[in-house]
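In terms of the UniProt record's numbering, the sequence shown is residues 1 to 203.
Here the structure comes first, spelled out in structure tokens, and everything after it is commentary.
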Amino acid sequence: MLCAAVSATAHAQGVYRIVGPDGKVTFSDQPPPAAAKNNLPSPAATATGGGAAAAGGRLPIELRKAASQFPVVLYTGKDCSPCNSGRNMLINRGIPFTEKTIDNNESVAALKQLSGQNSIPLLTIGSQQLKGFSDTNWSQYLTAAGYPEKSALPSNYPRASATPLAEASLAKQVDTPKPAEPAEAAAPEREVPVASPNSGIRF
């Protein structure tokens, strides 16, 4: 299992939010065509929302709204420094998120089916997948999805414990399944390909 890290050299121009005639929200690195500009809030304007479906009424309404529309899930493994960095980034920004661990064979298979590869960390914001950790990249997508740029979580917010992505089968519980293996000394500057600037990003 490859534990991938990336540098902070992510898109510097921000993420644009476009609402189509059918109401579908599309996120893209490219400015929208002129016909869509009426539906385009500025990148800064998209940072006014936020939410957490799991916490319900315990969260401010704007935070609850973002979490219900674009729930955040973090996929991590043991001994993975980029995973720890990603988790700390979400906590420090006050993002309500669910954490799924990849520490058994069933979880590895489920991750491969979900993302098409078996690298961690993986962050999903709604249906958008961000492979590898980049503080800059993650921050831009969270802002575009409506999460506040500064923490709005109540001080007594109950953060749920991490759970396996998939439970180990009963037949294999006698033997300890092989956990996800991080890459050897993953260097912070190592880059993982991010979404092409020319492709729309759909939630």
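For every residue, glycine included, the Cβ atom is placed at its ideal position computed from N, Cα and C.
Just mark residue i as buried or exposed, buried being the case when its beta carbon has 16 or more other beta carbons within 10 Å.
i      : result
Glu167 : exposed
Gln140 : buried
Gly116 : exposed
Pro169 : It should be pointed out that residue 169 corresponds to Ser in this sequence rather than to Pro. Ser169 is exposed by the Cβ-count criterion.
Trp138 : buried
Ser196 : Only weak support exists for where Ser196 lies, its pLDDT of 49 falling under 50; the coordinates are left without a value.
Considering only C-alpha positions, which residue in the set the options is nearest to residue i?
i           : options                       : result
Gly132      : Ser119, Asn92, Leu114, Arg58  : Ser119
Ser161      : Lys100, Lys78, Asp79          : Lys100
Thr136      : Gly86, Glu62, Arg58           : Gly86
Leu59       : Asn88, Tyr157, Leu90          : Tyr157
Gln128      : Pro82, Ala145, Ser134         : Ala145
Lys65       : Gly126, Trp138, Ser81         : Gly126
Arg159      : Leu114, Asn92, Cys83          : Asn92
residue 271 : Pro82, Glu106, Ala109, Asn105 : Nothing about residue 271 can be read from this structure; the chain reaches only from 1 to 203.
Asn84       : Leu142, Ser134, Thr143        : Ser134
So what does DSSP say about residue i, is it helix, strand or coil?
i      : result
Tyr141 : helix
Leu122 : strand
Gly50  : Its pLDDT being 35, under 50, Gly50 is placed unreliably by the model, and nothing is read from it.
Glu99  : strand
Lys78  : coil
Lys131 : strand
My assumption, with CB atoms under 8 Å, is that residue i sits in contact with residue j. Please give the rounded CB distance.
i      : j      : result
Asp103 : Pro164 : 6 Å
Leu63  : Pro148 : 7 Å
Under a CB-based cut-off of 8 Å, is residue i close to chain B?
i      : result
Pro154 : Of the protein chains in the structure, only one exists, and it is not chain B.
Legend entry - Contact the stretch 152-159 vs the stretch 87-97: 3+ CB pairs below 8 Å: yes
Inset, instruction - Give a yes or no on contact between the stretch 105-122 and the stretch 68-78, applying the rule of three or more CB pairs nearer than 8 Å. - result: yes
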